[in-house]
Amino acid sequence: MATVDFAVGIGGENGQGIASAGDILARIFAGRGLNLNAYNAYQSIIRGGHTFLTVRASDGPVRSMGDKIDVFIPLNQDTMDRHLHLLRAGACALYDREKIKPGVAAAGVQLCPMPMKELAKGNKLAANTAALGATLQLLGIAAEPLEAAVTRQFKKKGDAAVAENIAIARAGYDYAAQNFKAFPWQAPRRPKPLGVITGNQAIAMGGAAAGVKFYAAYPMSPSTGVLMWMAGHARKLGIMVRQVEDEIGVMNMVIGAACTGCRAMCATSGGGFALMAEAIGMAGMIETPVVCIDVQRAGPATGVPTKTEQGDLWQVLGAGQGDYPRLVVAPANQLDLFQTIPELFNLCDKYQCPGLVLSDLLISEGTASVDPGELDCNVPIERGELILPDGNGAAADPSSGYNNRAYLRFKNTASGISPRAVPGVPGHIFVAATDEHDEDGTLISDEFTNPHTRRMMVEKRARKMQGALAELAPPKLVGPENAAVTLVGWGSTQGVIREAVEKLAGEEGIVAAQLSIKWLVPLHVAEISRILACSRTVIIVENNYSGQFARYLRSETGFEAHGHIRKYDGEPFMPHHIVEAVKAQLAGQTRLSVPVHEVNA
Amino acid sequence: MATVDFAVGIGGENGQGIASAGDILARIFAGRGLNLNAYNAYQSIIRGGHTFLTVRASDGPVRSMGDKIDVFIPLNQDTMDRHLHLLRAGACALYDREKIKPGVAAAGVQLCPMPMKELAKGNKLAANTAALGATLQLLGIAAEPLEAAVTRQFKKKGDAAVAENIAIARAGYDYAAQNFKAFPWQAPRRPKPLGVITGNQAIAMGGAAAGVKFYAAYPMSPSTGVLMWMAGHARKLGIMVRQVEDEIGVMNMVIGAACTGCRAMCATSGGGFALMAEAIGMAGMIETPVVCIDVQRAGPATGVPTKTEQGDLWQVLGAGQGDYPRLVVAPANQLDLFQTIPELFNLCDKYQCPGLVLSDLLISEGTASVDPGELDCNVPIERGELILPDGNGAAADPSSGYNNRAYLRFKNTASGISPRAVPGVPGHIFVAATDEHDEDGTLISDEFTNPHTRRMMVEKRARKMQGALAELAPPKLVGPENAAVTLVGWGSTQGVIREAVEKLAGEEGIVAAQLSIKWLVPLHVAEISRILACSRTVIIVENNYSGQFARYLRSETGFEAHGHIRKYDGEPFMPHHIVEAVKAQLAGQTRLSVPVHEVNA
Amino acid sequence: MSTTIAPPTTVPASAAPAQLSKETYKGRIHPDWCPGCGDFSVVAALQAALFELGLPPHQILVVSGIGCSSNLPGYMNTYGLHTLHGRAVAVATGAKLGNHELKVICTGGDGDGYGIGCNHFVHAMRRNVDLTYIVMDNQIYGLTTGQVSPTSVKGMKTKSTPHGSVENPINPIPLAIVGGATYVARAFSGKQKHMVEIFKGAILHKGFALVDVFSPCVTYNKDNTYQWFNPRVKILEEQGHDPSDFHRAIDRGSQWGDEIPIGLFWRRTDLPTLEDLEPVLHDGHGPLAWRKLGLSNEQAQALIEELL
Amino acid sequence: MSTTIAPPTTVPASAAPAQLSKETYKGRIHPDWCPGCGDFSVVAALQAALFELGLPPHQILVVSGIGCSSNLPGYMNTYGLHTLHGRAVAVATGAKLGNHELKVICTGGDGDGYGIGCNHFVHAMRRNVDLTYIVMDNQIYGLTTGQVSPTSVKGMKTKSTPHGSVENPINPIPLAIVGGATYVARAFSGKQKHMVEIFKGAILHKGFALVDVFSPCVTYNKDNTYQWFNPRVKILEEQGHDPSDFHRAIDRGSQWGDEIPIGLFWRRTDLPTLEDLEPVLHDGHGPLAWRKLGLSNEQAQALIEELL
Ligand SMILES: Cc1ncc(C[n+]2csc(CCOP(=O)(O)OP(=O)(O)O)c2C)c(N)n1
Ligand SMILES: Cc1ncc(C[n+]2csc(CCOP(=O)(O)OP(=O)(O)O)c2C)c(N)n1
Ligand code: SF4
Ligand code: SF4
Ligand SMILES: [Mg+2]
Ligand SMILES: [Mg+2]
């Protein structure tokens, strides 16, 4: 159980160093062995705008940005005005006493005006550093880790910058000691230091562990972090990383590389994914394994590029014309992203189909602590019925597959899976065509009318998904079957739902269970139906307007939920949003709750 | 009631003049006032391949290609071998006695070998003309209309070609009179001559009637006919027609033209539609009315370009990232296509959103007779709250909308509809942006965090669909509520389902009802649920593998059908496929029927 | 410095506010570009050019894609379309054909136009659509925080090419000359007066006009800065360059290094525009967008005849 | 006629069938092109070129888009990818980088490559990817039964331009020269022997090689027929053209009318390929596609360190 659970919120304009302040805190907290979650609410502009970063840490589990702020650091007036009213008794607000006027704070909030100009010795960009110093003081953390973290953060800028920032941090630290009241609790410490990881890093590392040799991308928020990681590590890890002319090119190149036998991957966001859809259908048709991650942001169209949403589910389900097998998975958090990518590659290789991952801004750009021991990079690699020239294909009769000795690349088997040679293997020559084709790759549309072959090939490809479903872990209910309410979610909302469940039990005495659905295609219809049929009140929680998951769940299972909690204002759920909505729904007040995000617009 | 219902089937290679023979027959039959339906099963190659065209006609209603062939004209051996076994007693087979060997025909089939070389006077491509002559003879039709139709068909090639072909047709006509037994019935005649129209022509004419001023396309089977019609009529009708570099360009140009106030349209098939999806989301976001037709063909990827399927429903439902309002409609046949386009334009103008039409190869390339009186080109045109400079915008204060006098292009109204000025109107200056924006078009992502504005705008746009739903005709059950079986379909299968219903009643004594669902988004959930709840056995008929409509229906209504009839071999349903499947399902043999297309592969 | 590109021609009378001033063209929103961003100079030059040409704001449509630079329409007091990344030229073509009486100006970035949008760019050029296309070329992807762009020089280190780009950049000037653009120019944010003249010439030009503007990204491109460009850029108009000399235009356009020419490289006026060649625009009924909809009875009858 | 483009170099020893013959390169399927289609000559020339170069079929990958011409891989006895309309060059680039030891040959039509696929084309050229790109340019959309293409001449009547096209065509030769291709040539289906030499040169060339082939569509293009081309085409190799002369290459490439040059317009060998410049391909572990997957313990450890 958590003894102490606290959050620091820093807000201001882009360019005021908020992200790096957040990084410093995250490193310090994780270094103390604390679990943490950091989320940066920012704007799609380079300078200006309003950015608000929340770093929450605890010695207990941390699965969302939480509900409260303990240390509030508004770096401009705007931030002060928007957020001060959200502080509750016991919280502190640290701000520049010359530039920022506090408004009326709730009783018990400690206002901590600081002489930033003086403390920062005229360095206008260093107010955040002084505030960090003060923060550690209030949290009862020694100054040394701050110095280490500042050193790490500023070392690229040279020794002078490091020294200056350390001095400023120290000044803030000391000023707070003299002028403000520390929290009655201290930031706890646990024996084992943790690492910090974003979802995009987790995706990239998961890809590297899976053996990705080809990564292509076109930059698009909030997926660009994957490209950055890959570009930074390409040479060390022997990965070909390409920034391509557009997303169409990305997916087609990835497929080209995959056709030669590479494990190949790409990530994008909704708009880029839309452009890839036709090619994803090609991967389905020519039975080529590729992995593509759609890091969702608020749509439609350009939408709100720096805001989160789970709005691309139907786009992913409907990607490309016609029916074809694909795997669709929505991991729950950073660690899950890391672990899912290698698993998905194994499945894609085995079932020779595209694998699509739904992530979103919340978990892809959000930061979590991670136990290094859980980041197992030594994952099993299973490539299915792949025939490589230096392995199982080396002994092939070099004259089979030539001319009239056809190689049945698309052989109609009971499992739907056909052995798969790649170019370069002697004796297995074939053409992979996006036109419907016979077992040996011959176009049926060219040769003769053949409705029977067409049907056979559609069924062959579709059959693969039966095997896949049997192999995937079915979802499990967490909590009692007869709970008062069962909260169903998919993807990134798992953490916040879990915390809401705990809050409901702890604060409201409401027993709730949680059903998290990770594998979306194929879907465990039987298992899900069984669980939901036993549930008393089922409420689906998702981060979009139209209830995309609720509608999909119904399309496959027929199950109609009793209620829905949705949010589509760009910001993620906080635990209390769900708690309050559940209460309202159990009280019969509504069947659709749309929590209001508490910030002054 | 039909007195005579007959069909002619012509098969051979591409390049043997099959399509033009079909046209000639269709003109002749329609000229006699007969209803007809023609479907050409062809291949995606220019020469060669196997093509089989069915022209069915009757003095009663004709809604599909039917179940039987009365006159069979195999132009090559392959066609003879594939289809002869399908003929039933009473049918005739007309073929070249020198080149083609008949197989074993069913009892009562009249084999009619013809000396084609002699009759066609050495013109190798004219065997079909001689066969047409013989066909008319057998059907008891005078030779004159054939001469008129041949003249029309060949006039581009000059008088000599016309004279030659008339002579050949005549020779075939006379040869049949002397050598073969005419049918015991005659092709009937009705007083009023009908026209013939393909679905693609109907789409294009519907667009012209609706006032389309801008049509753009990239060629893609089976949608290219719309482009051909538009290009051919552009100058006469004052329509700007553009063939664009790709489908992305098509949809973006169409949106650009629509933004200026034009009614703008495009048509494509699944692969092209996939490329348009991102831009369709843009039309949703900037609230611009455009109409796009997806003429479906067998997928995924290139698939079977000349074969029919209803496989793009989920692609259309999921087009583009995020949630946004759109209208989706699936007309049932050629006339319905013609009438739907203007209606859809009125709705799109009123609700300022994209309108998507699902057609398919079957009805877009298929030919039907049409009563000219039903092709009302003088359709009502309603443009909603559009502000044009020469109309309602002329009196605007030219300085409103300038600088700080913002024009609220995206005003948050109760209906969700905002008045819509176009560029060129004085006093209404605004920017339409694909980023989320405020009522005056200002980007919210740039200016400040504003979850409340974001939510307001999502809801404003979505609200429009409530108005639209109220305006759309709800589906009606045809047949008794307590029928033994209710057949549900969407789009192009309506005709064949209707015929199956009649056959079930007439031949099997099974009372069936039919529910045709045309408007897919928004969907008449309440009305459909009410009807289906009363139905005893509901079977959904659709032309795809995964039951895309069945799953969508369930996602919106929760209704699970009792059975499914699906076909995904590229060929359309024939009435008996459905009849037999219904019988099997009512007998409890299966819940999923996949009829086999009867042709020797 | 004398850099008049083309004499301002008369602009049709209009329902503009009585008094046009430079301020008239300024949007309500202050640009949120980084202080010092080259794009400030571009928007100012565009506003000045439009003012100097006396074009009424409501008859102007500025179409952009997505990128820092593509935010420009939001800062103008003209009609605007802020479309999708890479699609501005296609949308603008549609808009121009929909209402060919509008002045349609396309604006965007190097990634937007030469990267993802290059197909539309190539085809709009060969069609000689009457558009002015202003590319704020900062040789970087600004809005996505600093990745390589199609005009980034080989070897450039960016967030996506930490070891230096291994790709040869596109040079838009020769590409446009060969591709069929009929007015091909370059400007530099550091030379705003010259840019105004180049813009005026482009706007008055009938046909596809490309103006590639070196518009430094002060935040992410530390290589191609004002300081880097300043000593290098040389104004063609001051060097007596003949914009009808095809080979010379390609050569000067290809120059890179110590001397980098800006100005008008290439212009031809003998090629009709797409709009000129489309008879449906010239039947005396004004822009397509404002015509009466529907078919006349005669037209309807003729269509039905075809089916009989 | 002497049209040797480049001396055949030695090809690595391989696991090919003992005896390569011309027949070895023929696919199992007989092309279903219309009798007389120019593409027959192209596939035959390609088979001859590969045979003459002695390249083992299983080390060759032919990648196409969609179109009549794009059916070509199905008629070859080599590995093939018959991809989506317009995407061949992108897929081929991925395949080449995935296994840079393959000979990757891209084939397709003018619509496929210069229309919908033009963005990939432009960017592959500037990257100088080591691909041979053969475009069967019939100046028409064949498979969709005869619409205007980006290379259809202005005024050409097609099913989508019944009154004649109003667009200026793309000329791929100068576009490729300026765009960065390092081997730019043209061939004609009526001159098959010449085409074989051009292909051999292109296949041996290290870098992006474009061969635009006039390959008449006998069914839908009644303007640009064999008869039309025959008297017009002139072989550059017989005229002493110097393929290192940039301006001359552009001029000869732009020529159209009574004399239309075919042959090698432009070649440069001083520019490294993309593959040359990518260190990950040169660490001695062979093609990416066949390398061991997964991370070493040291690599894994280093990655985890970064997070601490
Ligand atoms: C389909 C799609 N892909 C990617 C993006 C992300 N994106 C936005 S702007 C941009 C590039 C910006 O570069 P540039 O066009 O040069 O403009 P700049 O910001 O440098 O002015 C990208 C890749 C997008 N919005 N849409
Ligand atoms: C996305 C998409 N759009 C359109 C098509 C339809 N299509 C198939 S081939 C083709 C053009 C063929 O022209 P070209 O590339 O010149 O090849 P050709 O047939 O002339 O050899 C088109 C438009 C398609 N398959 N996919
Ligand atoms: S990031 Fe670069 S391009 Fe974008 S606003 Fe800042 S300086 Fe300008
Ligand atoms: S249509 Fe033209 S390009 Fe296609 S196969 Fe026939 S002749 Fe060749
Ligand atoms: Mg840029
Ligand atoms: Mg072609």
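Protein chains in written order, with the working numbering: chain B, 535 to 1135; chain E, 535 to 1135; chain S, 3 to 310; chain H, 3 to 310.
Where a beta carbon is used, it is the ideal one built from N, C-alpha and C, also for glycine.
Predicted, not measured: the structure shown is a model, and the values here were computed from it.
Beta-ladder partner(s) of ASP969 (chain E), from DSSP: When DSSP reads this structure, ASP969 (chain E) sits in a beta bridge with B:GLY837.
Length of the line joining the Cα atoms of LEU305 (chain S) and MET739 (chain E): Straight through space, the alpha carbons of MET739 (chain E) and LEU305 (chain S) are spaced by roughly 8 Å.
Chain-ordered neighbours of ARG128 (chain H) on chain S, where CB pairs are closer than 8 Å: What ARG128 (chain H) touches in chain S: PRO152, GLU169, ASN170, PRO171, ILE172.
heavy atom of ligand 1 below 7 Å from ILE142 (chain S) C-beta: For ILE142 (chain S), the shortest separation between its Cβ and any heavy atom of ligand 1 lies below 7 Å.
Start-end ranges of the beta strand (DSSP E) lying completely within the stretch 747–772 of chain B, minimum 3 residues: Runs of the beta strand (DSSP E) inside the stretch 747–772 of chain B: none found.
Proximal residues of chain H, C-beta to C-beta of LEU761 (chain E) below 7 Å: SER162, listed in chain order.
Exposure of VAL638 (chain E), with buried meaning 16 or more beta-carbon neighbours within 10 Å: Exposed: under 16 other Cβ atoms inside 10 Å.
Any non-hydrogen atom of ligand 6 within 7 Å of SER893 (chain B) CB: Relative to ligand 6, SER893 (chain B) has its C-beta separated by 7 Å or more from all heavy atoms.
Status (buried if at least 16 other CB within 10 Å, exposed otherwise) for LYS602 (chain E): Residue burial is scored here from C-beta neighbours: LYS602 (chain E) has at least 16 other C-beta atoms within 10 angstroms and is therefore classed as buried.
Per-residue burial, SER23 (chain H) [other beta carbons within 10 Å of its own, 16 or more giving buried]: By the Cβ neighbour-count rule, SER23 (chain H) is exposed, with fewer than 16 other Cβ atoms within 10 Å of its own.
CB contact below 8 Å: ASP285 (chain H) versus chain B: Chain B, which has a Cβ nearer than 8 Å to the Cβ of ASP285 (chain H), makes this yes.
Near ligand 2: GLY583 (chain E) beta-carbon under 7 Å from a heavy atom: Answer for GLY583 (chain E): no, Cβ out of range of ligand 2.
Proximity to PRO906 (chain B) [Cα-Cα], best of B:LEU892, B:GLY1001, B:PHE872, B:LYS658: The shortest Cα separation from PRO906 (chain B) among B:LEU892, B:GLY1001, B:PHE872, B:LYS658 belongs to B:PHE872.
Length of the line joining the Cα atoms of THR663 (chain E) and ASN574 (chain E): Take the alpha-carbon of THR663 (chain E) and the one of ASN574 (chain E): they are about 18 Å apart.
Short-range partners of chain S found in the stretch 198–227 of chain H, where Cβ spacing is below 7 Å: Residues of the stretch 198–227 of chain H with a C-beta less than 7 Å from any C-beta of chain S: none at all.
Cβ-heavy atom distance, LEU809 (chain B) to ligand 2, below 7 Å: No heavy atom of ligand 2 is found nearer than 7 Å to the CB of LEU809 (chain B).
Proximal chain H residues relative to ASP557 (chain E), where beta-carbon distance stays under 9 Å: Within 9 Å Cβ-Cβ: nothing; ASP557 (chain E) doesn't reach chain H, min ~15 Å.
Selected residue, minimal CA-CA separation from ARG254 (chain H), among H:ASN173, H:SER71, H:GLU25: When each option's Cα is compared against that of ARG254 (chain H), the closest is H:ASN173.
Backbone CA spacing between GLY182 (chain H) and GLU169 (chain S) [nearest angstrom]: Using only the alpha carbons, I get a separation of about 11 Å.
Counterpart residues of SER903 (chain E) in DSSP-defined beta bridges: For SER903 (chain E), the pairing in a beta bridge is given by DSSP as E:VAL730.
Neighbourhood of TYR709 (chain E) by C-beta, 7 Å cutoff - its chain only, sequence neighbours within 5 removed: Correct list, in chain order: MET648, LEU653, ALA668.
C-beta atoms of TYR81 (chain S) and LEU63 (chain S) nearer than 8 Å: Between TYR81 (chain S) and LEU63 (chain S), the gap from beta carbon to beta carbon is short of 8 Å.
Alpha carbon of PRO263 (chain S) to alpha carbon of ARG269 (chain S), nearest angstrom: If I take the Cα positions, the gap works out to 16 Å.
Interface partners of MET754 (chain B) on chain S, CB under 9 Å: Simply HIS87, THR146.
Residue range of the beta strand (DSSP E) that includes THR801 (chain B): First, the amino acid is wrong: residue 801 (chain B) is Ala here, not Thr. Following the DSSP letters along the chain, one finds ALA801 (chain B) inside the beta strand (DSSP E) bounded by residues 797–802.
Contacts around ALA716 (chain B), its chain only, beta-carbon distance under 7 Å, and the 5 residues preceding and following it disregarded: Here the set comprises GLN671, LEU672, GLY674.
Residue ranges of each alpha helix (DSSP H) within the stretch 655–695 of chain B, 4 or longer: At a cut-off of 4 residues, the continuous stretches assigned as alpha helix (DSSP H) that sit fully inside the stretch 655–695 of chain B are 661–673, 678–688.
CB contact check: LEU273 (chain H) to chain B, cutoff 8 Å: Output row for LEU273 (chain H): interface = no.
Inter-residue Cα distance where the pair is ALA15 (chain H) and GLY961 (chain B): Low local confidence applies: a pLDDT of 39 at ALA15 (chain H) is under 50, so the model's placement there is unreliable, with the coordinate-based value given in what follows. In this model, ALA15 (chain H) and GLY961 (chain B) are separated by some 16 Å (Cα to Cα).
Beta-carbon neighbours of LEU99 (chain S), restricted to chain H and to distances below 8 Å: What LEU99 (chain S) touches in chain H: nothing, since even the nearest Cβ is about 12 Å away.
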